Each structure stands twice: as C-alpha cells, then as structure tokens.
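Using my numbering, the letters of the sequence shown correspond one by one to residues 7 to 333.
Quick reminder that beta carbons are idealized off the backbone N, C-alpha and C, glycines included.
What you are looking at is a predicted structure, and each value in this text was computed from that prediction instead of being measured.
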Amino acid sequence: MEIPGLPPTAATDLETALRKLIAERELPLYRMMAFHMGWVDENGAPLHRPAPDRPHGMLALAASHAAGGDHRPALGCAVAVETVHNFWQIHADVEDGNTERAGRPSVWWTWGPAQAINAGDGMHAMARLAIFGLRRDGVPPERVAAALGALDEATVRLCEGEYLDITYQERLSLPVDDYLKMAEARSGALLGCAARLGGMAGAGGSEDRASELWEFGLKLGAARQVAGDIAAFWGEGDRDQVQQGRLIAKKKSLPVVHAMSHADATTRRRLGDLYVQRVLDPAAIKTVAAMMEACGSRRFAEDNLARLLAEADAALVAAGLSSSGTE
Numbered sequence: 007m008e009i010p011g012l013p014p015t016a017a018t019d020l021e022t023a024l025r026k027l028i029a030e031r032e033l034p035l036y037r038m039m040a041f042h043m044g045w046v047d048e049n050g051a052p053l054h055r056p057a058p059d060r061p062h063g064m065l066a067l068a069a070s071h072a073a074g075g076d077h078r079p080a081l082g083c084a085v086a087v088e089t090v091h092n093f094w095q096i097h098a099d100v101e102d103g104n105t106e107r108a109g110r111p112s113v114w115w116t117w118g119p120a121q122a123i124n125a126g127d128g129m130h131a132m133a134r135l136a137i138f139g140l141r142r143d144g145v146p147p148e149r150v151a152a153a154l155g156a157l158d159e160a161t162v163r164l165c166e167g168e169y170l171d172i173t174y175q176e177r178l179s180l181p182v183d184d185y186l187k188m189a190e191a192r193s194g195a196l197l198g199c200a201a202r203l204g205g206m207a208g209a210g211g212s213e214d215r216a217s218e219l220w221e222f223g224l225k226l227g228a229a230r231q232v233a234g235d236i237a238a239f240w241g242e243g244d245r246d247q248v249q250q251g252r253l254i255a256k257k258k259s260l261p262v263v264h265a266m267s268h269a270d271a272t273t274r275r276r277l278g279d280l281y282v283q284r285v286l287d288p289a290a291i292k293t294v295a296a297m298m299e300a301c302g303s304r305r306f307a308e309d310n311l312a313r314l315l316a317e318a319d320a321a322l323v324a325a326g327l328s329s330s331g332t333e
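1. Could you tell me the alpha carbon to alpha carbon distance between alanine 131 and leucine 154, rounded to whole angstroms?
2. Looking at C-alpha atoms only, which residue of Trp94, Met39, Ser179, Ile172 is the closest neighbour of glycine 50?
3. Of all the alpha helix (DSSP H) runs that stay within the bounds of the region 120-182, which reach a length of 4 or more residues?
4. Under a Cβ-count criterion, where at least 16 other Cβ atoms within 10 Å of its own Cβ denotes burial, should glycine 103 be classed as buried or exposed?
5. On the DSSP bridge assignment, give the partners of arginine 107 in chain order.
6. Indicate the three-state DSSP secondary structure (helix, strand or coil) for proline 58 in the structure shown.
7. Can you tell me the Cα-Cα spacing of aspartate 184 and tryptophan 45, whole angstroms?
8. Cβ of aspartate 344 within 8 Å of Cβ of glycine 82?
9. Can you tell me which of the three DSSP states glutamine 46 falls into?
10. Mapping DSSP to helix, strand and coil, what is proline 261?
11. Go ahead and pull the three-state DSSP assignment for proline 79.
12. Under 8 Å, do leucine 3 and leucine 65 count as touching if we go by C-beta distance?
13. Rounding to the nearest angstrom, what Cα-Cα distance links glycine 208 and leucine 12 in this structure?
14. Roughly how many angstroms separate the alpha carbons of aspartate 319 and leucine 219, rounded to a whole number?
15. Fully enclosed by the region 183-266, which beta strand (DSSP E) runs are 3 residues long or longer?
16. Kindly identify the DSSP beta-bridge partner or partners of proline 52.
17. Find out if the Cβ-Cβ distance for the pair phenylalanine 93, methionine 43 is shorter than 8 Å.
18. Quick check on aspartate 309: does DSSP put it in helix, strand or coil?
19. If you check the beta carbons only, do alanine 125 and leucine 35 fall under 8 Å apart?
20. Output the boundary residues of the alpha helix (DSSP H) element that contains glycine 278.
21. For the alpha helix (DSSP H) holding valine 294, just list the boundary residues, first then last.
22. Over what stretch of residues does the alpha helix (DSSP H) that includes arginine 284 continue unbroken?
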C-alpha cells in the first residue's frame, strides 16, 4: 500500500517492523498471529504474496511525514496501532462467526475460538510493548506515556463502538446520529489514534495538533464504514465474507437505519418483518437493497459519505498538515 507523499520504502519499513515484533517469539501462538497477518500458512510455511494493506499503520507514517518530513520516527507507533487493529479483527471474526478473512480461513475457524481469543489478546499486549519499545530509540518517558495513553484510549473507544454495534443489532429503530457516533468509535478511533501518534512523532513530541488529528481519524473512519455499508448492498462484484456475515447477522448499516425511519409505512413493515428473523436470508438482501434505494436510503448514505470526507479534510486543514501526505 503506497500513499501519495510517502517514500515507496515506507510500506516495506512498516511490514519489516511488524514482522520483527512477532517473529522474535517461537511459541506456535505466534504462528497464529503470523497467519492472520498473511505471512504464513496454517503450518507456518512462508507465503510469497503481496502484503495486505495496513491502513492504520500507514496513516501514522503519513501523518509523521506530513508533520516533520520523515515517516521513520513514527514506526513504533505505526506498528502498535496496526497490531491493535489486527487484534480487533481476530476478535471480530469470533464475534461475527466469520469463517474467512481476506480470502483465507479466519484464525478461529482454523484453531478454534478459544485460541483465537488468546491470539488476539496477545496481539493487544504486544502492541503496548511496541509503544514501550520507543524507549530504546531515546524517546523520553513522558512521550512514551502519552503515546501509550492515546493507544489505550482509542482501544477503549473501539470496544465501546463494538459494544454498540452488537447492541444495535437487534433494534429495529435507531436514530441516524446514534449510528454515526457508533461508526466513529468502531471504525474511527484507531485511525484517529494513528493520525495523532504519527503527527506527534513527526513534530518531535508536540501534541499541538492532537485534537484536530483525532477528529480527522474519527470522520475518516466513519466514512470508511459508510462506504462499506454502501458497497455491501450496491457494490460491484461479490461481497467478501466479512460483509456477507454482517448482513446475514443483521448488523446495522446507515442505509438500513435511514430506511427504518424514513420509508413509508408499508416499506418499514416489510423491512421489519425481514429484520425480526433470526438471520437475514441472503436471498432477501437484494430485496432489501431495492426497497432502500426506492426510498432514497442509498442517496442518503452517499450524501453522508461525502459530508464525512469533507469534515475529515477540514480537520486535516485545521491541523495544518498537507492532505497529499495523508490521503
């Protein structure tokens, strides 16, 4: 994954640092982590394939580069926030029953849910160790503590967002603002943390831009989730297994939330009949998509996506950073 403004070596630097964090340990537990990261197969044999995108880590590097002209001071923070993101993915696959992730079996499907939870917890702890490792690079203790606090705060917000996502699963009616706040926490907290930590590393420890970069990440994350909502119902090609799983499990999306409160009575009743079932039949997804498009829910979601991206851009401008380094 390359980001305009970052040197081509940035993605390689991040991948090398991520591998080093995990490869230094030998217990088969770490093979599960390496498997999830896409480096090995279930037997531990190396896979020779392009590295997956690392959006959270790369955002930290981009923010550092934009703030100080060099991505390398943010490598430790980039590793930490990307590792937390992958810990969350492992747990989310257990929660949602996803048997696949990125076209491969998920960790829990391969080794069972108990070991998957254990592997995810291990990755969370290792992310914090990556922050503590900044001391070896001469980072002052107060900056290490600030970075660790930011990472933990974002992780708590992520867990809050996931709690709300699960809670809203069985609710037929939900205010749009509640959904968007959930999306900011669930999908934006780690991006906000990545931007904040990267900006702080690139500025030599200054948190002058912290609130603006946090806001940038929240809005960008909410936009990513809304974009995924739109793609799940109307995207080109097949849905991936994660998208399919969220739809079948009746996880709320912005078009559904809008339709449940803005469609005519007949449409709301038909949607309610579908969403009170234990799971949403895959054959019914096209019917739901057609009903939502007819009542303007697709357009509503697209308008909100554009608004969120504009708000993210405005926060970046307020932080005084060049968007060419963080797009």
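With the structure as the only source:
1. 12 Å
2. Met39
3. 147-174
4. Exposed: under 16 other Cβ atoms inside 10 Å.
5. Arg110
6. coil
7. 38 Å
8. Not covered by the structure: residue 344. The range shown for the chain is 7 to 333.
9. According to the sequence provided, residue 46 is valine. The question's glutamine does not apply to it. If DSSP states are grouped into helix, strand and coil, valine 46 belongs with the strands.
10. helix
11. The three-state reading of DSSP puts proline 79 in helix, counting H, G and I together.
12. Shown here, the chain extends from 7 to 333; a query on residue 3 therefore has no answer.
13. 13 Å
14. 10 Å
15. Runs found: none.
16. Val46
17. no
18. helix
19. yes
20. 271-281
21. 291-300
22. Arginine 284 -> no alpha helix (DSSP H), and no H or E assigned at all.
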